[in-house]
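K.L.:
Residue numbers (our numbering): 1 to 379.
Ideal placement from N, C-alpha and C gives every residue a C-beta, glycine not left out.
Before anything else, here's the structure in question.
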Amino acid sequence: MKADSFVLIPDSFKGTMSSSEICGIFRKVISKYYPEASITSIPVADGGEGSVDAFLQAIGGQRIAVSVSGPFSEKVDCCYGLVNGDTAVIEMASCAGLPLADGKLNPLVTSTYGVGEQMLDAARRGCRKIIVGLGGSCTTDGGCPAAAACGVKFLDHEGKSFVPAGGTLSRIARIDASGLDPAFSGVRITAMCDVDNPLYGENGAACVFGPQKGADPEMVRTLDCGLEVLGDRILDGLGVDVRTLPGGGAAGGMGAGMVAFFGAELRMGIETVLDAVDFDEKARNADFVFTGEGKIDSQSLRGKVVIGVARRVRASHSKARVIAFVGDIGDGIEAVYSQGVDAIFSTNRLAIPFRESRIRAKSDLELTADNYLRLLSIL
């Protein structure tokens with residue numbers, strides 16, 4: 001079978017392999033069977049941890065080191081990416097991520113203030129576009145602290161200014177965005193997210209994602225009530241209705257905050273990445289596109305990496321075959337084939353728990369890819 005050109009564009013297998021490591025394994029196996037083939041590697045992430053690295057490796061750029069506030073107002077050293085000369089790529093997880101609150105998770109007090117500090121640094125540096133990855137957060141504060149870091153004021157019923165946290169959102173009586181730093185004037189902001197949950201309610205940020213951030217049932221109720229108040233105050237004070245906005249509940253309501261306070265556009269993370277790396281052009285003449293993620297299931301249809309890639313290959317009228325290598329295959333995934341995925345292969349070669357399979361994840365991926373390329377080479 002003709003296999004002169006391959007495009008490699010996997011997501012990371014969380015807890016086992018980075019996207020770059022997966023690309024390296026694919027490249028090694030492909031070269032074994034097709035030593036003359038053209039191979040293009042595009043490591044990606046869909047907004048969570050690894051997004052900055054993925055952008056820098058895919059299109060080049062530089063790291064900008066910053067010291068900003070962590071989830072408990074402690075100073076943390078992190079970096080964001082500067083690509084294409086005027087575009088900043090920021091991971092909110094770098095200063096408000098779950099690992100930074102390990103052992104002391106508490107979404108009533110954790111803060112996104114440092115995310116705003118990174119955005120402000122990028123805007124003052126002259127960036128005309130800012131991409132913020134909403135993923136892996138330990139916060140449920142609606143992005144209010146991030147906005148406060150950039151000049152937005154939150155006032156309580158006594159008219160006193162304060163920086164809200166998840167547990168104090170209900171104190172907000174009025175929002176004054178007139179002080180937003182002028183450096184944001186004319187800056188286009190995109191927020192990458194891969195969920196469509198609303199700001200509050202049974203499918204909202206607190207009820208769905210609060211428990212994994214350390215919220216018990218009482219805390220969930222407090223957070224959900226606060227997010228509802230925030231939605232009302234945003235409508236009253238800013239004239240923006242984010243209360244039922246799909247994706248508004250991403251990253252503890254940060255999706256809604258990005259739209260309300262910064263005029264951001266919410267986009268599926270993989271769509272933003274594919275545009276940035278000029279994927280359509282790279283895939284147009286490919287014979288095969290290898291992609292993958294840790295698990296493919298019915299939730300993948302919402303637009304995670306594998307489905308996002310497959311849809312774009314189909315939309316670009318490429319004749320490339322889209323092959324997905326994944327750790328686990330869930331039930332009810334048949335619909336992925338109608339989205340452009342040609343075949344799916346699980347890399348788990350033994351029926352063993354994840355804590356054991358992760359140790360051999362790299363060798364299992366290599367053996368699975370080798371098996372597929374072996375078959376391909378004799379067809």
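1. Output needed for Ala-101: all residues of its chain with C-beta closer than 7 angstroms, excluding positions within five of it in sequence on either side, in chain order.
2. I need the straight-line Cα distance from Met-192 to Gly-133, nearest angstrom please.
3. Can you name the start and end residues of the beta strand (DSSP E) that Leu-8 belongs to?
4. In chain order, which beta strand (DSSP E) runs of at least 3 residues are fully inside the segment 159-243?
5. So the alpha helix (DSSP H) Leu-266 belongs to, where does it begin and stop?
6. Taking Cβ positions, are Met-219 and Thr-112 nearer each other than 8 angstroms?
7. By how many angstroms is the C-alpha of Ala-276 removed from the C-alpha of Asp-287?
8. Would a C-beta distance cut-off of 8 angstroms place Ser-298 and Gly-332 closer than the cut-off?
9. Quick one: what does DSSP say Leu-350 is sitting in, helix, strand or coil?
10. Excluding sequence positions up to five away, which residues of its chain have a Cβ less than 6 angstroms from the Cβ of Ala-166?
11. Would you be able to state if there are at least three C-beta pairs under 8 angstroms between the segment 184-200 and the segment 111-130?
12. Find out if the Cβ-Cβ distance for the pair Leu-180, Val-152 is shorter than 8 angstroms.
13. Is there contact here, the segment 32-47 with the segment 318-338, by at least three beta-carbon pairs under 8 angstroms?
14. In terms of alpha-carbon separation, which member of Gly-294, Gly-237 and Ile-42 lies closest to Ser-178?
15. With a threshold of 7 angstroms on Cβ separation, who are the neighbours of Thr-16 within its own chain once the five nearest residues in sequence on each side are excluded?
16. Among Ser-19, Gly-135, Glu-228 and Glu-356, which residue has its Cα nearest to the Cα of Ala-173?
17. Mapping the DSSP letters down to three states, classify Asp-328 as helix, strand or coil.
18. Can you tell me where the alpha helix (DSSP H) with Lys-28 in it begins and where it stops?
19. Excluding sequence positions up to five away, which residues of its chain have a Cβ less than 6 angstroms from the Cβ of Tyr-33?
20. Could you tell me the distance, in whole angstroms, from the CA atom of Ala-251 to the CA atom of Glu-36?
21. DSSP state of Asp-77, grouped into three classes?
22. Kindly give me the distance between the Cβ atoms of Ala-205 and Ala-215, rounded to whole angstroms, as I take these residues to be in contact under 8 angstroms.
23. Gly-85 and Arg-63: beta carbons closer than 8 angstroms?
24. Using C-beta distances below 8 angstroms, list every residue in its chain close to Leu-379, excluding the 5 sequence neighbours before and after it, in chain order.
25. Near Leu-98, which residues of its chain fall below 6 angstroms by C-beta distance, leaving aside the five closest residues on each side in sequence?
26. Skipping 5 residues on each side, what residues in its chain have a beta carbon closer than 6 angstroms to that of Thr-291?
P.N.:
To lay it out plainly:
1. Cβ neighbours of Ala-101 beyond the five flanking positions: Pro-71, Thr-110 and Cys-138.
2. C-alpha of Met-192 to C-alpha of Gly-133: approximately 5 angstroms in a straight line.
3. Where Leu-8 is concerned, the enclosing beta strand (DSSP E) starts and stops at 5-8.
4. Listed in chain order, the complete beta strand (DSSP E) runs (minimum 3 residues) inside the segment 159-243 are 174-176 and 188-193.
5. In the DSSP assignment, Leu-266 falls outside any alpha helix (DSSP H) and lies within the beta strand (DSSP E) extending over 265-268.
6. Not closer than 8 angstroms, so no.
7. If you take the alpha carbons of Asp-287 and Ala-276, they lie about 22 angstroms apart.
8. Contact flag set, yes.
9. Three-state result, Leu-350: coil.
10. Sequence inspection shows Gly at residue 166; the Ala mentioned does not correspond to that position. Cβ contact annotation for Gly-166 (same chain, cutoff 6 angstroms, sequence separation greater than five): Pro-107, Leu-108, Thr-140, Asp-141 and Leu-223, in chain order.
11. The segment 111-130 is in contact with the segment 184-200.
12. At a Cβ-Cβ threshold of 8 angstroms, Leu-180 and Val-152 count as neighbours.
13. No, the segment 32-47 is not in contact with the segment 318-338.
14. Per the Cα distances, Gly-237.
15. Correct list, in chain order: Arg-358 and Ala-361.
16. Nearest C-alpha to Ala-173: Glu-228.
17. Here DSSP, grouped into helix, strand and coil, assigns Asp-328 to strand.
18. From DSSP, the alpha helix (DSSP H) with Lys-28 extends over 19-33.
19. Residues Leu-373 and Ser-377 of the same chain have their beta carbon placed closer than 6 angstroms to that of Tyr-33, with the five preceding and five following residues left out of the count.
20. C-alpha of Ala-251 to C-alpha of Glu-36: approximately 44 angstroms in a straight line.
21. Strand at Asp-77.
22. Rounded to whole angstroms, the Cβ separation of Ala-205 and Ala-215 is 10 angstroms, and the two are not in contact under 8 angstroms.
23. No, these two residues do not count as a Cβ contact at 8 angstroms.
24. Answer for Leu-379: Met-1, listed in chain order.
25. Cβ neighbours of Leu-98 beyond the five flanking positions: Gly-136 and Cys-138.
26. Exclusion of the five residues before and after Thr-291 leaves Ile-9, Pro-10, Val-306, Val-309 and Ala-324 as the residues of its chain whose Cβ lies within less than 6 angstroms of its Cβ.
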